[in-house]
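In UniProt numbering, the protein residues as written are 1 to 450. From the three backbone atoms N, C-alpha and C, an ideal C-beta is built for every residue, glycine too. Read through the structure below, which is laid out as structure tokens, and then see the notes.
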Ligand code: GDP
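In structure tokens form, the structure reads like this:
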């Protein structure tokens, strides 16, 4: 996950500050030196770091902070605010025109994740009630058209293609097709190159002129660090972009590019890609990202992910089962599968407050899911419904069937037992249904754990 290193280092700085009680100007200066190092190591561009530290320092050595009863908290608050300012205070959105279709031109270098993210965006917009059309304008990379068809089908979105002919003609025909078929969003997957060259830029400029796009969105690969920012600047200078989509933030990148893009190009990041699967995609919320970086978690994104993955009907069904104490191994299996759909375990746990930076070296193994799934599917229907009947010989059979050991089966049964006990208690305390409403969750999410 991006930002782990930065998050860990900033937390060390804050821990040290907190241990001081009252702060002097030199304590703050020392802390700022460390913040500066942490940001540079995270690959944030030099000028951005310099301006950032200057702003934070000016505010943090003020009377208000030094005379405060909780000076360290004040410094954290300032860092948080300035991180938000750096990434754009608002969550920037695509502006849909009053007269459809909204044309979104996806650009980027080859391998940046353009095709994958055209489909991710189409899927998200479809979920929001739009009727998108994906258009295959990358005619140079041999497999690009086919790849778009595959991901388009996965997203449940129509792909318009005309083979390897002039992309200008394809774009024009696609707009006509969209008008005829009522598509209110047209997403053009344009060609990429390994490097920016004039031929590519000329083609993109022509497409821009022909389609008059509402949004030129540049896909940049977070793994390329500062290069991603340079690419964004070059595309903006040559073509003029409206926004950035940062892909591969799930990878082992230091994340600094996400902090530098807006300051260097003046263009906001609107979306981030967090994995190869189509659902591993989020709108970019500067405040939430700042929270994640500062180890305060990101409960709002977690709640949204859960809401998008688990239907209200399923949630109610599960709540009723819990309430009536009928939760069995089949339900556990179903829950595990739902959680898996939300992303990797590490990424989910990383959004919990106070956990982020501690996870850096933790060995969280998604294969554990697979083992549990194998054990539960090796149980008979009766065993799943009533795990208490699982005696030693049944345990041996389940272990053999799932390729695990009897100890693993024992552990699962014990955990299931504990879970049931805990749920009984929770059910009692939380009242009927044990449900927490969204407003209460939001309040909880906005609470600063410090
Ligand atoms: P394009 O050449 O710009 O169209 O790039 P592709 O969409 O073909 O993506 C290039 C590679 O990066 C593919 O193997 C994708 O599966 C992978 N990829 C794309 N987005 C992400 C992401 O957000 N995270 C990770 N880990 N891989 C990604």
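(request) Could you work out which residue in 176, 195, 192 and 193 is closest to residue 186 when comparing CA atoms only? (result) The residue labelled residue 186 in the question sits at position 186 within the chain shown. Minimum Cα distance to residue 186 is reached at 176.
(message) Give me the DSSP bridge partner(s) of residue 163.
(response) Position 163 of the chain shown, counting from 1, holds the residue named residue 163. Paired residue(s): none; residue 163 is not in a bridge.
(message) Going by C-alpha to C-alpha distance, which of 21, 244 and 266 sits closest to residue 113?
(response) Against the chain shown, residue 113 aligns to sequence position 113. Nearest C-alpha to residue 113: 244.
(request) Starting from the Cα of residue 64, find the closest Cα among 24, 414, 36 and 50 and give me that residue. (result) The count along the chain shown starts at 1 and reaches residue 64 at position 64. Minimum Cα distance to residue 64 is reached at 24.
(message) Which of the three DSSP states is assigned to residue 61 in this structure?
(response) Along the chain shown, one-based indexing puts residue 61 at 61. Coil.
(request) Look at the alpha carbon of residue 208 and the alpha carbon of residue 183, and state the distance between them as a whole number of angstroms. (result) Numbered from its first residue, the chain shown carries residue 208 at position 208. Numbered from its first residue, the chain shown carries residue 183 at position 183. About 19 Å.
(message) Between residue 255 and the ligand GDP, is there a pair consisting of the residue's CB and a ligand heavy atom that are separated by less than 7 Å?
(response) The count along the chain shown starts at 1 and reaches residue 255 at position 255. No.
(message) Among 124, 122, 123 and 107, whose alpha-carbon lies nearest the alpha-carbon of residue 138?
(response) For the purposes of this step, residue 138 is taken as the residue at position 138 of the chain shown. When only C-alpha atoms are compared, the closest one is 107.
(message) Contact between the region 187-194 and the region 204-222 is defined here as three or more beta-carbon pairs at a separation below 8 Å; is this criterion met?
(response) yes
(message) What does the alpha-carbon distance come out to for the pair residue 291 and residue 237?
(response) To locate residue 291, count along the chain shown from 1; it is residue 291. To locate residue 237, count along the chain shown from 1; it is residue 237. Going from the Cα of residue 291 to the Cα of residue 237 covers about 32 Å.
(message) Pop quiz: residue 136 and residue 125 are said to be a contact at Cβ under 8 Å. What is the actual Cβ separation, rounded to whole angstroms?
(response) In the chain shown, counting from the first residue as 1, residue 136 sits at position 136. In the chain shown, counting from the first residue as 1, residue 125 sits at position 125. The Cβ separation is near 18 Å, so there is no contact.
(message) Measuring straight from C-alpha to C-alpha, what distance separates residue 91 and residue 271?
(response) Within the chain shown, residue 91 is the residue found at index 91, counting from 1. Within the chain shown, residue 271 is the residue found at index 271, counting from 1. Approximately 10 Å, taken between the alpha carbons.
(message) Looking at the ligand GDP, does it come within less than 7 Å of residue 328, judged from the CB to the closest heavy atom?
(response) Taking the first residue of the chain shown as 1, we reach residue 328 at position 328. Outside the cutoff, so no.
(message) Whole angstroms are fine: how far does the CA of residue 197 sit from the CA of residue 459?
(response) The chain is shown only over 1 to 450; residue 459 falls outside these bounds and no answer can be derived.
(message) Just verifying my parser: in three-state terms, what is the DSSP assignment at residue 96?
(response) For the purposes of this step, residue 96 is taken as residue 96 along the chain shown, with counting starting at 1. In the structure shown, residue 96 sits in coil (DSSP, three-state: anything other than H, G, I, E or B).
(request) Return helix, strand or coil for residue 247, following the three-state DSSP convention. (result) Taking the chain shown and counting its residues from 1, one reaches residue 247 at position 247. Three-state result, residue 247: strand.
(message) I need the boundaries of the beta strand (DSSP E) containing residue 270, first residue and last residue.
(response) As a working note, residue 270 is residue 270 in the chain shown. 269-273 is the extent of the beta strand (DSSP E) around residue 270.
(request) Could you give the DSSP three-state label for residue 386: helix, strand or coil? (result) As a working note, residue 386 is residue 386 in the chain shown. Three-state DSSP puts residue 386 in coil, outside helix and strand.
(message) Measuring only the C-alpha atoms, how far is residue 10 from residue 38?
(response) The residue given as residue 10 occupies position 10 in the chain shown. The residue given as residue 38 occupies position 38 in the chain shown. Answer to the nearest angstrom: the Cα atoms are 7 Å apart.
(message) For residue 13 and residue 35, which I take to be in contact (beta-carbon distance under 8 Å), what is that distance rounded to the nearest angstrom?
(response) To locate residue 13, count along the chain shown from 1; it is residue 13. To locate residue 35, count along the chain shown from 1; it is residue 35. Right, their Cβ atoms sit about 6 Å apart.
(request) Taking residue 55 and residue 30 to be in contact with their CB atoms under 8 Å, please state how far apart those CB atoms are, rounded to whole angstroms. (result) As a working note, residue 55 is residue 55 in the chain shown. As a working note, residue 30 is residue 30 in the chain shown. Contact flag wrong, Cβ pair sits at about 18 Å.
(request) Could you tell me whether the region 387-405 touches the region 370-379, where touching means 3 or more Cβ pairs closer than 8 Å? (result) yes
(message) Would residue 43 and residue 257 qualify as a contact pair, given that the criterion is a beta-carbon distance under 8 Å?
(response) Within the chain shown, the letter at position 43 stands for residue 43. Within the chain shown, the letter at position 257 stands for residue 257. Result yes, Cβ atoms of residue 43 and residue 257 sit closer than 8 Å.
(message) Once DSSP output is grouped into helix, strand and coil, what is the label at residue 287?
(response) Taking the chain shown and counting its residues from 1, the one referred to as residue 287 is at position 287. Three-state result, residue 287: helix.
(message) Using 8 Å as the threshold, is the C-beta distance between residue 247 and residue 117 below it?
(response) Stepping through the chain shown from its first residue, residue 247 is reached at position 247. Stepping through the chain shown from its first residue, residue 117 is reached at position 117. In contact: residue 247 and residue 117 (Cβ atoms closer than 8 Å).
(request) Would you kindly work out how many angstroms separate the C-alpha atoms of residue 206 and residue 180, rounded to a whole number? (result) The residue labelled residue 206 in the question sits at position 206 within the chain shown. The residue labelled residue 180 in the question sits at position 180 within the chain shown. Answer to the nearest angstrom: the Cα atoms are 23 Å apart.
(message) Buried or exposed for residue 260, going by 16 or more other Cβ atoms inside 10 Å?
(response) Here residue 260 corresponds to residue number 260 of the chain shown, with the count starting at 1. With 16 or more other Cβ atoms within 10 Å, it is buried.
(request) Could you spell out the range, first to last residue, of the beta strand (DSSP E) harbouring residue 215? (result) Translated into the one-based positions of the chain shown, residue 215 becomes position 215. Run containing residue 215: 215-221, per the beta strand (DSSP E) assignment.
(request) Identify the continuous alpha helix (DSSP H) that holds residue 142 and give its terminal residues. (result) Here the question's residue 142 lines up with position 142 in the chain shown. It is not in any alpha helix (DSSP H) - residue 142 carries neither H nor E in the DSSP assignment.
(request) Note down, in chain order, each residue of its chain lying with its Cβ closer than 6 Å to the Cβ of residue 103, except the 5 sequence neighbours on either side. (result) The sequence position of residue 103 within the chain shown is 103, counting from 1. 186, 211, 213 and 214, listed in sequence order.
(request) Kindly examine the ligand GDP and report whether one of its heavy atoms sits closer than 7 Å to the Cβ of residue 453. (result) The structure shown does not extend to residue 453, since the chain is modelled only from 1 to 450, so the question has no answer here.
(message) Let's test the definition: count the other Cβ atoms within 10 Å of the Cβ of residue 69 and tell me whether it reaches 16, buried, or not, exposed.
(response) In the chain shown, residue 69 corresponds to position 69, counting from 1. Counting Cβ neighbours within 10 Å, residue 69 comes out exposed, since fewer than 16 surround it.
(request) Using DSSP bridges, identify the partner residues of residue 189. (result) As a working note, residue 189 is residue 189 in the chain shown. Bridge partners of residue 189: 106 and 136.
(message) Just verifying my parser: in three-state terms, what is the DSSP assignment at residue 81?
(response) Indexing the chain shown from 1 puts residue 81 at position 81. Residue 81 falls in the helix class under three-state DSSP.
(request) State the DSSP-derived secondary structure class of residue 405, mapped to helix, strand or coil. (result) The residue you call residue 405 lines up with position 405 of the chain shown. If DSSP states are grouped into helix, strand and coil, residue 405 belongs with coil.
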